[in-house]
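Read through the structure below, which is laid out as structure tokens, and then see the notes.
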Amino acid sequence: MSERLLPSDDPVAEEVLEWTIEKDARDIAQIMHWLEQTNGRRDRMVLMSRAKDLIDEMLHA
1 MSERLLPSDD PVAEEVLEWT IEKDARDIAQ IMHWLEQTNG RRDRMVLMSR AKDLIDEMLH
61 A
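Letter 4 of the sequence shown, counting from 1, is numbered 4 in this note's numbering, and no numbers are missing.
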């Protein structure tokens with residue numbers, strides 16, 4: 001991630017936010033890898049739903 005131009009008002013919350021985004025991004029990458037290897041429609045829907053939930057979490061963090 002790039003360096004912030006202005007300091008955060010709450011450095012602890014900022015660290016938690018960055019950790020959450022990094023973790024969710026890794027999890028989404030893993031889900032996409034599993035999605036490539038999955039043949040079942042139901043399994044794909046479950047994986048895509050979970051990836052969407054993680055993306056939503058990052059958007060609303």
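The C-beta atom is built at its ideal place from N, Cα and C for all residues, glycine as well. This one's a predicted model, so the numbers in the text were calculated from it and none came from an experiment.
Around the CB of LEU47, 16 or more other CB atoms lie within 10 Å, so the residue is classed as buried. At the C-beta level, LEU54 and ILE28 come within 7 Å of one another. The beta-carbon separation of LEU17 and ALA61, rounded to 5 Å, stays under the 8 Å limit for a contact. Membership of ALA51 in the alpha helix (DSSP H) is indicated by the continuous run 41 to 59. Counting along the chain, ASP24 sits inside the alpha helix (DSSP H) bounded by residues 11 to 37.
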